[in-house]
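Those protein sequence lines, which keep their order, are chains L and D.
My numbering puts the first sequence at residues 40 to 674.
My numbering puts the second sequence at residues 333 to 440.
Note that CB positions come from ideal geometry on N, CA and C, so glycine has one too.
A quick note: this is a predicted structure, and the numbers were derived from the prediction, not measured.
Structure first, commentary second.
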Amino acid sequence: MRRASTPGLLVCVSLALPGTAVEAATGAVVERYKWLTLAVFGAVIALTMFVTYVAAKRVKSASQFYAAGRSVSGVQNGWAIAGDYLSAASFLGVSGLISLYGFDGFMYSVGWLTAYITVLLVIAEPCRNIGKYTLGDILAFRNDPKAAKTMAATSTIVVSILYLTAQMVGGGVLVKTLVGIEYEVSLVAVGALMLAYVLFGGMIATTWVQIIKAALLVIASLLLVTLTWAPYGFSLPGFLEAVVSDQKVQARVASLIGDQATNMTPDQLGQRFLEPGLLFTDPVDQISLGMALVLGTAGMPHILMRFFTVPTARDARVSVLWAMAIIGGFYVLTLFLGSGAAINIGATKIIAMDEGGNMAGPLLAQYLGGGPDSMLGNFLLAFVAAVAFATIVAVVAGLLLAAASAMSHDIWVGIVKREHATQLEEVRAARISTIIVGSVAIIIGIVAKGQNVAHLVALAFAVAASSNLPCILLTLYWKRCNTGGIVLGMTVGAISAIALVLVSPNMTYPLAVRATNERAIQIATETIDKIGAERATATDATVQATLDKAIAAQEKAKAAARDVIAKLGDDRTSMVGLEEPLFDLRNPGLISIPLGFLCVLLGSLLYRDRRAEELWSELYVRQNTGIAAEAAVAR
Amino acid sequence: MAKPTINWAAINADPTFQDFQTRKSTFLWRLMIFSVIYYLLLPVGAGYFPELFAKRIWGPINVGLLFALSQFVAVWAVAAVYARRANRDFDAMTTELLKRAPLIGAGK
Numbered sequence: 040m041r042r043a044s045t046p047g048l049l050v051c052v053s054l055a056l057p058g059t060a061v062e063a064a065t066g067a068v069v070e071r072y073k074w075l076t077l078a079v080f081g082a083v084i085a086l087t088m089f090v091t092y093v094a095a096k097r098v099k100s101a102s103q104f105y106a107a108g109r110s111v112s113g114v115q116n117g118w119a120i121a122g123d124y125l126s127a128a129s130f131l132g133v134s135g136l137i138s139l140y141g142f143d144g145f146m147y148s149v150g151w152l153t154a155y156i157t158v159l160l161v162i163a164e165p166c167r168n169i170g171k172y173t174l175g176d177i178l179a180f181r182n183d184p185k186a187a188k189t190m191a192a193t194s195t196i197v198v199s200i201l202y203l204t205a206q207m208v209g210g211g212v213l214v215k216t217l218v219g220i221e222y223e224v225s226l227v228a229v230g231a232l233m234l235a236y237v238l239f240g241g242m243i244a245t246t247w248v249q250i251i252k253a254a255l256l257v258i259a260s261l262l263l264v265t266l267t268w269a270p271y272g273f274s275l276p277g278f279l280e281a282v283v284s285d286q287k288v289q290a291r292v293a294s295l296i297g298d299q300a301t302n303m304t305p306d307q308l309g310q311r312f313l314e315p316g317l318l319f320t321d322p323v324d325q326i327s328l329g330m331a332l333v334l335g336t337a338g339m340p341h342i343l344m345r346f347f348t349v350p351t352a353r354d355a356r357v358s359v360l361w362a363m364a365i366i367g368g369f370y371v372l373t374l375f376l377g378s379g380a381a382i383n384i385g386a387t388k389i390i391a392m393d394e395g396g397n398m399a400g401p402l403l404a405q406y407l408g409g410g411p412d413s414m415l416g417n418f419l420l421a422f423v424a425a426v427a428f429a430t431i432v433a434v435v436a437g438l439l440l441a442a443a444s445a446m447s448h449d450i451w452v453g454i455v456k457r458e459h460a461t462q463l464e465e466v467r468a469a470r471i472s473t474i475i476v477g478s479v480a481i482i483i484g485i486v487a488k489g490q491n492v493a494h495l496v497a498l499a500f501a502v503a504a505s506s507n508l509p510c511i512l513l514t515l516y517w518k519r520c521n522t523g524g525i526v527l528g529m530t531v532g533a534i535s536a537i538a539l540v541l542v543s544p545n546m547t548y549p550l551a552v553r554a555t556n557e558r559a560i561q562i563a564t565e566t567i568d569k570i571g572a573e574r575a576t577a578t579d580a581t582v583q584a585t586l587d588k589a590i591a592a593q594e595k596a597k598a599a600a601r602d603v604i605a606k607l608g609d610d611r612t613s614m615v616g617l618e619e620p621l622f623d624l625r626n627p628g629l630i631s632i633p634l635g636f637l638c639v640l641l642g643s644l645l646y647r648d649r650r651a652e653e654l655w656s657e658l659y660v661r662q663n664t665g666i667a668a669e670a671a672v673a674r
Numbered sequence: 333m334a335k336p337t338i339n340w341a342a343i344n345a346d347p348t349f350q351d352f353q354t355r356k357s358t359f360l361w362r363l364m365i366f367s368v369i370y371y372l373l374l375p376v377g378a379g380y381f382p383e384l385f386a387k388r389i390w391g392p393i394n395v396g397l398l399f400a401l402s403q404f405v406a407v408w409a410v411a412a413v414y415a416r417r418a419n420r421d422f423d424a425m426t427t428e429l430l431k432r433a434p435l436i437g438a439g440k
């Protein structure tokens, strides 16, 4: 059974829930210290701008623009991959999930690292060996170039735009919650920075922005974890003992499990925080998400593209190993960030700022520095906010570059110009594509204000896992794979993933929303009656004041629920006209990934393609050995 | 471009290359399958064996938490095993093939 009141994993992931930031219209930063925040933000932006300025002078050829001249070292690329991958959703979202749901939040973070096993073992080195700039280049190697590039470019643009929209909307809400800058302003700021990095500095600037962001993220996390853990002598049982014996944690668990809590001792309640089942109730859905992560990451065009920036396959391997060390280390730290926020801040305060828990990390930083009134506390908060901001721009820049490359390199140069374009023309096309995709992303972001874009992140991974990955894997490792399989697999994989999400519980179903809120109103009314009765018999003035406050809070909850119902109007059906979900899983991977693989197999067997067979030997030898791989540009 | 001078089909049929790629792919797919299964045990355990996961072992630390932490160790271990093998064996075999590549099948 799924709890209706659970905000749900995807909501937290995207950092965006309609009305999430209502409580924090002025932001988490105290007005008096706003200058401090702006100064830290300014410093981070200035640093990235300087890097872009230096990079811009070097971007003259297509290889420089798309692949940083293949002169990024393995270690640098490892940091850049971590910077490309660790989105604000992981930094703020996962620590938030842990602070609110304990074990389940931590369990969620594991899949993000495991995903890199696929990248390391079967994708990174072969793709470096045979690839040039894009996913399209890999798929066009032995398949019909026109068909393969069209499919690959379409898929790249779809996946990137889905992910980009989630990041932009989430980022806008986040910056507003953190520092109180208006949604539209922060969205345009993120968009303008992203455009500046990619437009002027191409892959070189994008890489450095990602490296800077990853370094800042690691520094911020290590600092916060050290401050959180030090009071417990860096003992794991000691720290967790403090977590399970904390009253706020026990109260949070009690509120999550409802009736079950009545016969439990406070100790048992606290221990329950470290046991599974507070957030995820459907293991099948978890497995489905796990598959999308483990197979989708390797099919993400912006991650794939990073392997074209290093000189050799060996460097590609080194870069994944570094990325795995950084990403894994970071996710282990989230356990401390989240639990630290749960005991030092408490779920109630975290939710008051943001329902998805995204403010857990920033609030923890403020607390560790000395609280909302201290200068150091606000400096730490500003620092974490700036890191979150840098995180958003670095991720969106990588996505923008991937989408723009697909548009210019695959579609314009590959198909329209039939591979006949000069370096100058190609770089110009790439820049024009950057402006087009970037502007579209900003416009979508503004239009999508207040929309629930939560499912888009998981959808992007599901599409990548169901359409891109089966094609890459089978074209690299299966002799019979050909154009027919690529076209059928890509189409069916992507469409089935999107269609399944459209009829899944991720969408808003007005009838269910209305029922949930009506129940909330009813419960609030009953609580008010109960407190009212208590209030009538209370004599102590302080008790009366507390009860009055409690009543006011319930009234507020009631008003909020009424607002939600009023907003629904006469709607009865979801976006695609359904009264209730047709498909029970939030994550389509379990169905769409096998379907994608099956269609590549079927399409290949039904279609005859001499070129694919003739080029198999060359592809297979090259992907294994790196003979004749694209060389690095001499600096 | 060195492309026209290389006989891809001959290299693909070359016993050294065949041996190299068979050993490499067996090794890779084994690691891959182990990793996926080990990872999926986490949601399966959390969903279907909650009592086992709740069993306390070391202070408040229970089986589930240890298993979740072991996932990180397992992933890093798989990466280390692969890196060791690739750096030691695969790279040497690749270099060897690269050197011989223009010669294989050139005589026909």
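In this structure, the alpha-carbon of Arg311 (chain L) lies about 8 Å from that of Ala386 (chain D). The C-alpha of Gly409 (chain L) is placed about 38 Å away from the C-alpha of Gly571 (chain L). Taking Gly210 (chain L) as reference, the option from L:Ala421, L:Tyr222 and L:Ala82 with the minimal CA-CA separation is L:Tyr222.
Per DSSP, the beta-bridge partners of Arg388 (chain D) are D:Asn394.
DSSP places Tyr646 (chain L) outside both helix and strand once states are collapsed to three, so it counts as coil. DSSP, read as helix, strand or coil, puts Leu86 (chain L) in helix. Taking 7 Å as the cut-off, the beta carbon of Leu313 (chain L) is found closer than this to the beta carbon of Leu397 (chain D). Under a 10 Å Cβ-count criterion, Met414 (chain L) is classified as exposed, with fewer than 16 other Cβ atoms of the shown protein chains found around its own Cβ.
Secondary structure note for Ile338 (chain D): it is in no alpha helix (DSSP H), with a DSSP letter that is neither H nor E. Looking at the backbone, the Cα of Val426 (chain L) and that of Leu256 (chain L) are separated by about 6 Å.
Residues of chain D with a Cβ closer than 9 Å to the Cβ of Thr157 (chain L) are, in chain order, Met364, Ser367 and Val368. Between Thr430 (chain L) and Leu125 (chain L), the beta carbon gap of about 7 Å places them in contact (Cβ cut-off 8 Å). Exposed is the label assigned to Met614 (chain L), since fewer than 16 other Cβ atoms lie within 10 Å of its Cβ. Classified as exposed, Gln462 (chain L) has fewer than 16 neighbouring CB atoms from the shown chains inside 10 Å of its CB. Given a length threshold of 3 residues, the stretch 390 to 473 of chain L has no whole run of the beta strand (DSSP E) inside it.
In this structure, L:Gly141 is the residue among L:Ser102, L:Gly141, L:Phe104 and L:Met242 with its C-alpha nearest to the C-alpha of Ala386 (chain L). Rounded to the nearest angstrom, the gap between the Cα atoms of Tyr406 (chain L) and Val288 (chain L) is 17 Å.
Judged by DSSP in its simplified three-state form, Lys518 (chain L) adopts coil rather than helix or strand. At a cut-off of 7 Å, the C-beta of Glu657 (chain L) has a neighbouring C-beta in chain D. When the beta-carbon positions are compared, Leu634 (chain L) and Leu363 (chain D) stay at least 7 Å from each other. Excluding sequence positions up to five before and after Gln403 (chain D), its CB lies within less than 8 Å of the CB of Tyr370, Tyr371 and Leu374, all in the same chain and listed in chain order. Asn116 (chain L) places its beta carbon 7 Å or farther from that of Gly338 (chain L).
Between Phe104 (chain L) and Ala480 (chain L) the beta-carbon gap is near 19 Å, outside 8 Å, which marks them as no contact.
Membership of Leu328 (chain L) in the alpha helix (DSSP H) is indicated by the continuous run Pro322 to Gly335.
The three-state secondary structure of Asn626 (chain L), taken from DSSP, is coil.
Thr153 (chain L) belongs to the set of residues whose beta carbon lies under 7 Å from a beta carbon in chain D.
DSSP, read as helix, strand or coil, puts Arg181 (chain L) in coil. Taking Gly219 (chain L) as reference, the option from L:Tyr155, L:Leu328, L:Ala421 and L:Val359 with the minimal CA-CA separation is L:Ala421. Asn302 (chain L) counts as exposed, since fewer than 16 other beta carbons sit within 10 angstroms of its beta carbon. Taking Ala355 (chain L) as reference, the option from L:Ala119, L:Arg611 and L:Ala228 with the minimal CA-CA separation is L:Ala119.
Taken atom to atom, the span from the alpha-carbon of Arg417 (chain D) to that of Leu332 (chain L) is near 26 Å.
With a contact defined as Cβ atoms closer than 8 Å, Thr336 (chain L) and Val133 (chain L) miss out at about 15 Å.
Ser643 (chain L) and Arg649 (chain L) have their alpha carbons spaced roughly 12 Å apart. Val69 (chain L) sits in coil when the DSSP states are folded into three classes, being neither helix nor strand.
Close partners of Val413 (chain D) in chain L (Cβ separation under 7 Å) are lacking, with about 10 Å as the shortest Cβ gap.
Chain D has a Cβ within less than 7 Å of the Cβ of Asn663 (chain L).
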